[in-house]
Amino acid sequence: MSSVADPRAGAGFSGAVRDAVYLGAREIRTSLRTPAFLLPNLLMPVFFFFFMTGSLGGFAAQSGLANFSAFALPMSVLFAVTGGSAGLNMVADIESGYFDKLLLTPANRFSILVGAMSADLCRIMTQGLVISLVAVATGTVFATGLVGLLAMLGIASLWGLGYSAIGFSLALKTGNPQVVASMWAFQVPFVFLTTAFAPKEALSGWLQTAATYNPMTYVLAGLRSLSLEGGSTFDIVRSLGVATLFCTITVSVALLAMRGRVR
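Numbering (the working numbering), first residue to last: -10 to 252.
In C-alpha cells:
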C-alpha cells in the first residue's frame, strides 16, 4: 500500500489523541444506530439480576445472607461489561473496505484501535451504571455507598475493557464477523465457572477447582467486598490487580493484532 503524506506530521501525541476522539465518536454513533449490539448486553444482565434475587434470595436469607441483592449485583455488572459486541463494528468496517480507506488517511494507525476501544469503554461503563442504578432503585443496599459503587464500576469496567480487547483482536486478526460474534463462547466459562451463585467455600468438586483458577473469581471477590462487606482492602487491591493484569495482556495482544493488520 502506498504511503500518504501526513499534513499533520509533527502533531505527535496531540494529533493521535484528536484522531482517537474523532474515531471514537464515530464508533459511538454507529453503536447507537445498531440497537442489536446494545440491547442484549443491557437487558440480559438486568434479567440475570432479577432472576438471581428472585429465585435464590429466600434460600440465601435462610442461609444467613440477608443482603443477597448486594451479593448478586457485582456478578450482574460483570455480565454487563463482558458482552459479546466488542469488535463487531470494526469487523464490519474491515468487510466493507472502510478500514482500508482509513489507512489511506493521515489518521494515526493505532488511534483507530484506541478510539474504538475508548468508545467501547464508554459503552460498558454505561451498561454497568444502568444495572447498578436499577439495583439501587429496587432496594439494593450498597455497603460502601456511592464511593464504593463508583469503585466497583471502575474495576469492573477495567475488566470489561480487557475482555473487549479479545473481540478487537479477533476482528483485526481474522476480519471474520462469525469469529467475532463467537465471543459469547468466552463469556460462558468466565461468568459461570466462578462464584456467580455461591461463595467458593460452598462449591465442591470440579466447580470449586474451576472457580479457583478463574481470574474473574478474584475480581468478583473484590467487587462483593465493596457491595456486601463494607470493603476488604486485600480483596479490593487483589481485584484491581487481576483486572489490570488481564487488561494489560489482552490490550497488548490487540495492539499486536493492529500492527499485523496495517503492515
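Glycine included, each C-beta is placed from N, C-alpha and C at the ideal position.
Computed from a predicted structure; not experimentally measured.
Quick check: the region 91 to 98 against the region 46 to 57, are at least 3 beta-carbon pairs closer than 8 Å? No contact exists between the region 46 to 57 and the region 91 to 98.
Just confirm the distance between the C-beta atoms of Ala105 and Gly13, as a whole number of angstroms; I'd bet it's less than 8 Å. Between Ala105 and Gly13, the beta carbon gap of about 7 Å places them in contact (Cβ cut-off 8 Å).
Report, in whole angstroms, the separation of the C-beta atoms of Val70 and Gln116, which I expect to be a contact under 8 Å. At roughly 6 Å, the Cβ-Cβ gap stays under 8 Å, so Val70 and Gln116 are in contact.
Between which two residues does the alpha helix (DSSP H) harbouring Ser158 extend? First-last of the alpha helix (DSSP H) with Ser158: 134 to 163.
Pop quiz: Ile144 and Leu212 are said to be a contact at Cβ under 8 Å. What is the actual Cβ separation, rounded to whole angstroms? 6 Å between Cβ atoms; contact.
Taking the Cβ atom as the reference point for each residue, do Ala59 and Phe175 lie within a distance shorter than 8 Å? Remark: C-beta atoms of Ala59 and Phe175 do not approach each other more closely than 8 Å.
So the alpha helix (DSSP H) Glu211 belongs to, where does it begin and stop? The sequence as given places Gly at residue 211; Glu does not occur at that position. Secondary structure note for Gly211: its alpha helix (DSSP H) is the uninterrupted segment 204 to 213.
Under a three-way DSSP split, which group does Ser20 fall into? The answer is helix: DSSP assigns Ser20 an H, G or I state.
Pull up the distance between the alpha-carbon of Ala170 and that of Ile113, whole angstroms please. Between the C-alpha atoms of Ala170 and Ile113 there is a straight-line separation of about 17 Å.
Extent of the continuous alpha helix (DSSP H) to which Arg250 belongs: Its alpha helix (DSSP H) spans residues 222 to 251.
Please report the distance separating the alpha-carbon of Ser(-9) from that of Gly72. Confidence is the limiting factor: at Ser(-9) the pLDDT is only 38, short of 50, which leaves the residue's position unreliable and the question unanswerable from this model.
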